[in-house]
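As structure tokens, the structure follows; a few thoughts come after it.
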Amino acid sequence: MDGIVKVPVALGERSYDILIGEGLAADAGRWFRAVLPKARACIITDSNVSGRHLVAFEKSLRRAGVTASAVVIPAGEASKCFDVFEQVVDQVVGGRYERGDAVVALGGGVVGDLAGFVAGVVRRGMRFVQVPTTLLSQVDSSVGGKTGINSRHGKNLVGVFHQPDLVLADTKVLDTLPEREFRAGYAEVVKYGLIDNADFFASLEKTWRDVFAGGPARTEAIAVSCRSKAAIVARDERETGDRALLNLGHTFGHAIETAAGYSGAVVHGEAVSLGMVLAHDFSVRLNQMSPDDANRIRSHLAEVGLPTRLSEIPGGAPSVSTFMELIGQDKKVQNGALTFILSRGIGEAFIAKDVPAEAVRAFLTDKLSEGQA
Numbered sequence: 001m002d003g004i005v006k007v008p009v010a011l012g013e014r015s016y017d018i019l020i021g022e023g024l025a026a027d028a029g030r031w032f033r034a035v036l037p038k039a040r041a042c043i044i045t046d047s048n049v050s051g052r053h054l055v056a057f058e059k060s061l062r063r064a065g066v067t068a069s070a071v072v073i074p075a076g077e078a079s080k081c082f083d084v085f086e087q088v089v090d091q092v093v094g095g096r097y098e099r100g101d102a103v104v105a106l107g108g109g110v111v112g113d114l115a116g117f118v119a120g121v122v123r124r125g126m127r128f129v130q131v132p133t134t135l136l137s138q139v140d141s142s143v144g145g146k147t148g149i150n151s152r153h154g155k156n157l158v159g160v161f162h163q164p165d166l167v168l169a170d171t172k173v174l175d176t177l178p179e180r181e182f183r184a185g186y187a188e189v190v191k192y193g194l195i196d197n198a199d200f201f202a203s204l205e206k207t208w209r210d211v212f213a214g215g216p217a218r219t220e221a222i223a224v225s226c227r228s229k230a231a232i233v234a235r236d237e238r239e240t241g242d243r244a245l246l247n248l249g250h251t252f253g254h255a256i257e258t259a260a261g262y263s264g265a266v267v268h269g270e271a272v273s274l275g276m277v278l279a280h281d282f283s284v285r286l287n288q289m290s291p292d293d294a295n296r297i298r299s300h301l302a303e304v305g306l307p308t309r310l311s312e313i314p315g316g317a318p319s320v321s322t323f324m325e326l327i328g329q330d331k332k333v334q335n336g337a338l339t340f341i342l343s344r345g346i347g348e349a350f351i352a353k354d355v356p357a358e359a360v361r362a363f364l365t366d367k368l369s370e371g372q373a
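The sequence shown runs 1 to 373 under the UniProt record's numbering.
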């Protein structure tokens with residue numbers, strides 16, 4: 001396994017490995033057979049990824065004797081919907097795939113979330129392999145077993161926990177990503193430094209250009225991110241405690257995405273960037289952290305080209321009433337009370353329960369009147 005980093009996700013009988021390195025997708029059949037020696041593969045991918053990687057990926061499976069076919073969905077967040085979900089389920093069931101066969105997600109977060117949900121419910125649970133092709137999916141959505149689709153009421157509100165059997169994070173495929181897509185994924189990398197690893201954040205401030213360029217720095221950043229998420233998931237698989245920390249920036253961010261109608265005007269990582277700035281500014285507002293730390297975070301995100309101000313949202317930011325309505329649908333709401341991931345400083349995120357809605361409303365009112373995050 002020269003040049004390949006293995007990150008174990010320790011979940012007892014549901015444990016699996018994340019493999020990180022260059023060229024993994026081209027040898028996917030070997031890794032698939034090692035974990036699932038008798039399974040067939042139903043590959044779910046999208047219209048962008050299929051043109052770049054599907055033919056080579058299918059060949060790699062067939063070289064290893066894996067019977068495979070593909071389902072191609074339209075690219076974009078809009079495919080995480082009931083209609084596309086139903087169509088994919090119908091094709092998997094119609095293809096006579098059995099419970100012991102595997103759904104293989106070849107793509108970014110949209111493909112992974114949708115395919116994982118399909119794997120979780122067809123035959124009451126099929127085997128599942130993640131082959132993430134974006135930075136965001138390699139460091140976040142492919143790890144931890146969260147699957148699902150969006151509702152008109154909000155993002156990721158319908159789904160199941162269904163752990164993969166294997167994750168193959170091929171860092172070489174990231175070279176084909178549009179710059180905007182890679183940059184958006186980098187927001188999730190930064191998140192791990194902000195949750196509980198101040199040294200990692202400080203390192204990214206110095207080395208982010210090397211991460212963007214590829215090579216060992218990129219592999220290391222992905223590995224650190226995956227280790228961080230794997231440790232949290234191992235402690236709290238179903239998000240009853242610490243796992244909520246992984247939603248840093250997502251309460252505000254998901255509201256921004258949903259308000260934009262999943263149109264692509266704001267992609268997930270860009271919304272997370274804005275959401276993290278808002279979460280840290282809100283922490284300052286509540287006297288939990290220093291303005292200097294919040295400004296340092298904003299400066300780094302802006303330096304790499306991520307949005308940090310609400311005025312940067314194409315078409316304008318959501319109104320306060322829209323923000324509050326969407327935040328009220330957040331998955332972390334308990335008994336009607338708002339829960340936010342806030343911070344006492346860089347690397348010191350914490351779960352804040354029973355946050356007064358009026359405090360959030362007043363904060364957003366001021367931010368929107370300023371025209372910035």
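Quick reminder that beta carbons are idealized off the backbone N, C-alpha and C, glycines included.
### Query
So the beta strand (DSSP E) D17 belongs to, where does it begin and stop?
Under the DSSP assignment, D17 falls in the beta strand (DSSP E) whose first and last residues are 16 to 21.
Review point. Any Cβ of chain B within less than 7 Å of the Cβ of L204?
Key: The structure shown has no chain B; it contains just one protein chain.
**Request:** Identify every run of the beta strand (DSSP E) within the region 28 to 78, keeping only runs that are complete inside it and at least 3 residues long; order them along the chain.
**Result:** 41 to 46, 68 to 73
Quiz item: In the DSSP assignment, what are the bridge partners of L166?
Solution: V129
### Query
Looking only at its own chain, which residues have a Cβ that is under 7 Å from the Cβ of G95, when we skip the five neighbours before and after it?
For G95, same chain residues with a beta-carbon under 7 Å away, outside a window of 5 residues either side, are C42, S69 in chain order.
inquiry  = Measuring alpha carbon to alpha carbon, tell me which residue in V190, A231, K229, G261 is nearest F212.
reply    = V190
Taking all protein chains shown into account, do 16 or more other C-beta atoms lie within 10 angstroms of the C-beta of S263, making it buried, or fewer, making it exposed? exposed
| said: Within a Cβ cutoff of 6 Å, which residues of the same chain sit near G107, ignoring the five residues on either side of it in sequence? | reply: Correct list, in chain order: T45, D46, V49, T133.
#### Entry: Distance, G316 Cα to P216 Cα
39 Å
Notebook entry, point to check: Under the rule that 16 or more other beta-carbon atoms within 10 Å means buried, what is V130, buried or exposed?
Noted result: A small fix is needed here, since residue 130 is Gln in this sequence, not Val. It counts as buried.
Checklist entry - Would you say G112 and A119 are within 7 Å of each other, going by their C-beta atoms? => result no
What distance in whole Å lies between the Cβ atoms of K332 and T339, which are believed to be in contact at a cut-off of 8 Å? 4 Å
From which residue to which residue does the alpha helix (DSSP H) around A221 run? Here the alpha helix (DSSP H) through A221 covers 216 to 235.
| task | Tell me where the alpha helix (DSSP H) around S290 begins and ends. | result | Run containing S290: none; DSSP gives neither H nor E here.
For A10, collect the residues of the same chain with a Cβ closer than 8 Å to its Cβ; drop the 5 residues on either side in sequence, then sort them by chain order. A230, A234
Mark G12 as exposed unless 16 or more other C-beta atoms lie within 10 angstroms of its C-beta, in which case mark it buried. exposed
Go ahead and pull the three-state DSSP assignment for D281. helix
G336 versus A359 - alpha carbon distance: 15 Å
Tell me, which residues are paired with F161 by DSSP?
Paired residues: K146.
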